[in-house]
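Visitor: Residue numbers (this note's numbering), protein chains in the order written: chain A, 1 to 103; chain B, 1 to 230. Submitted below is the structure of interest, expressed as structure tokens.
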Amino acid sequence: MNLWWLMLACGGLTFGIRYSFIAAEGHYQPPPWFRRLLPFVPVAALTALTAPELLLVQGELILGGDNPRLWAGLVAIFVAALWRNTLLTIGCGFLALFALQRL
Amino acid sequence: MNRLQAFSLGLRSVMPLLLGVAPFGVIYGVVALQSGIPPLAAMAMSSIVFAGSAQFLLAQLVGAGAPLLLTAGAVGLVNLRHALYSASVAPVLAHLPRRWKLLLAYLLTDEAYAAAIPHLLAAAPPSRSSAGHWILFGSGFGLWAGWQVATLAGVLIGAQLPSNLGLDFALPLTFIAIVVPMVDSRALFVAALVAGAAAVALAALPYKVGLFIAALAGLVVGAALTRTAK
Numbered sequence: 001m002n003l004w005w006l007m008l009a010c011g012g013l014t015f016g017i018r019y020s021f022i023a024a025e026g027h028y029q030p031p032p033w034f035r036r037l038l039p040f041v042p043v044a045a046l047t048a049l050t051a052p053e054l055l056l057v058q059g060e061l062i063l064g065g066d067n068p069r070l071w072a073g074l075v076a077i078f079v080a081a082l083w084r085n086t087l088l089t090i091g092c093g094f095l096a097l098f099a100l101q102r103l
Numbered sequence: 001m002n003r004l005q006a007f008s009l010g011l012r013s014v015m016p017l018l019l020g021v022a023p024f025g026v027i028y029g030v031v032a033l034q035s036g037i038p039p040l041a042a043m044a045m046s047s048i049v050f051a052g053s054a055q056f057l058l059a060q061l062v063g064a065g066a067p068l069l070l071t072a073g074a075v076g077l078v079n080l081r082h083a084l085y086s087a088s089v090a091p092v093l094a095h096l097p098r099r100w101k102l103l104l105a106y107l108l109t110d111e112a113y114a115a116a117i118p119h120l121l122a123a124a125p126p127s128r129s130s131a132g133h134w135i136l137f138g139s140g141f142g143l144w145a146g147w148q149v150a151t152l153a154g155v156l157i158g159a160q161l162p163s164n165l166g167l168d169f170a171l172p173l174t175f176i177a178i179v180v181p182m183v184d185s186r187a188l189f190v191a192a193l194v195a196g197a198a199a200v201a202l203a204a205l206p207y208k209v210g211l212f213i214a215a216l217a218g219l220v221v222g223a224a225l226t227r228t229a230k
């Protein structure tokens, strides 16, 4: 029984966080600096999610040849910058990862 | 763009992310059962909470018998970064009726946001009244459906499913494919560098708080740079 209450509480909390600014929009006047932050949300948040996946191996910073995900990620960054094509980027990233894992 | 086109654009954009999310959903199902959560509750959690890393944490804390308040607090911290997504999409959704805002907020995950945001921003002011929100609905619904199926597979078939094929690498690769083309100014570039470096430096902080702080650091540095540039 407790488990279901806990799930409902966590679900409500999660929803509340996601709904917060969407609900408040139009009901408050944010200071101008706040609006200046928003264009950076996609790039900053998604890079924060991605960088540890490439640079950390089980919590340790590994920059050398024994971190294939880092080098495959760099290949993907290069391909994305040149061709701006999602499927091509993912394909090249996976190819690089599999190639490096076989070395 | 009509509604159907917008919906299918969102759905298509989230597909590569599903490739990476599916193994997580399966593992979540397995971990939840191992933590002593009954199958029905494990399944329901994917609809009620609907947040990958928070569900993992919740299952683990339930398994460890952690106090309820601590568990809920930890889940809140893990999901704090979603407030940033909420702030980011709020202006684009401002004109919508409440039922749409409730629905899209419920579906606002990392992946749904990432898949939709380049299109949402591109479609913003001129065609705003039309169908832009259907893009977010498409990516959100696609991720939701995929997450339910993956969870169900984890609960039903469990550990026999291969989960270490490296498919989870589709997540960082897709995020790269989304972010890199968006970086078209020095301020955005520096914001990305700061957020990425801070996320790595703060990765050891509990409950993914480091992610939230790192993203905030990126926002502040980026906004400061645009200000001094003008």
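Yeah, the Cβ is synthetic: ideal placement off N, Cα and C, and Gly gets one too.
#1: Count the C-beta pairs between the stretch 70-84 of chain A and the stretch 101-109 of chain B that are closer than 8 Å, then say yes if the count reaches three, no if not.
#2: Going by beta-carbon coordinates alone, are L58/B and M45/B separated by less than 8 Å?
#3: For F169/B, report the span of its alpha helix (DSSP H) as first-last.
#4: Buried or exposed, going by whether 16 or more other CB atoms sit within 10 Å of the CB of G20/B?
#5: With distance defined between alpha-carbon atoms, name the residue in P181/B, Y113/B, A195/B and I213/B nearest to S13/B.
#6: Nearest-angstrom Cα distance between P206/B and G73/B?
#7: Using 8 Å as the threshold, is the C-beta distance between G93/A and G65/A below it?
#8: Between A204/B and V78/B, what straight-line distance do the alpha-carbon atoms span, to the nearest angstrom?
#9: Using a beta-carbon distance cut-off of less than 9 Å, what residues from the stretch 15-32 of chain A approach chain B?
#10: State buried or exposed for F98/A, treating a residue as buried only when at least 16 other CB atoms are found within 10 Å of its CB.
#11: Just list the residues that DSSP pairs V26/B with in beta bridges.
#12: What residue from H27/A, M7/A, N2/A and L49/A has the CA that sits closest to A192/B's CA?
#13: Looking at the secondary structure, which residues open and close the alpha helix (DSSP H) in which S111/B lies?
#14: Is there a Cβ of chain A sitting closer than 8 Å to that of A105/B, yes or no?
#15: Could you spell out where the alpha helix (DSSP H) holding Y19/A opens and where it closes?
#16: Three-state secondary structure (DSSP) at L55/A?
#17: Per DSSP, L103/B is paired with what?
#18: Identify which residue in A223/B, F141/B and H119/B has its Cα closest to the Cα of A131/B.
#19: Between F7/B and F137/B, is the Cβ-Cβ spacing less than 8 Å?
Guide: Inspection of the coordinates gives the following:
#1: No, the stretch 70-84 of chain A is not in contact with the stretch 101-109 of chain B.
#2: The Cβ-Cβ distance between L58/B and M45/B falls below 8 Å.
#3: For F169/B, no alpha helix (DSSP H) encloses it, and the DSSP letter there is neither H nor E.
#4: Its Cβ being crowded by 16 or more others within 10 Å, G20/B is buried.
#5: Among P181/B, Y113/B, A195/B and I213/B, the Cα nearest to that of S13/B is on Y113/B.
#6: Near 12 Å, if we compare the C-alpha coordinates of G73/B and P206/B.
#7: No, these two residues do not count as a Cβ contact at 8 Å.
#8: Roughly 13 Å separates the two Cα atoms.
#9: Flagged, chain order: F15, G16, I17, R18, Y19, S20, F21, I22, A23, A24, E25, G26 and P30.
#10: Exposed.
#11: Bridge partners of V26/B: none, in fact.
#12: If we check each option's Cα against that of A192/B, L49/A comes out closest.
#13: Residue identity check: residue 111/B is Glu in the sequence provided, not Ser. In the DSSP assignment, E111/B falls within the alpha helix (DSSP H) that extends over D110 to A122.
#14: So yes, A105/B belongs to the interface.
#15: Its alpha helix (DSSP H) spans residues N2 to A24.
#16: Here L55/A sits in helix by DSSP.
#17: When DSSP reads this structure, L103/B sits in no beta bridge, so it has no partner.
#18: For A131/B, the closest of A223/B, F141/B and H119/B by C-alpha to C-alpha distance is H119/B.
#19: For the 8 Å CB-CB criterion, F7/B and F137/B form a contact.
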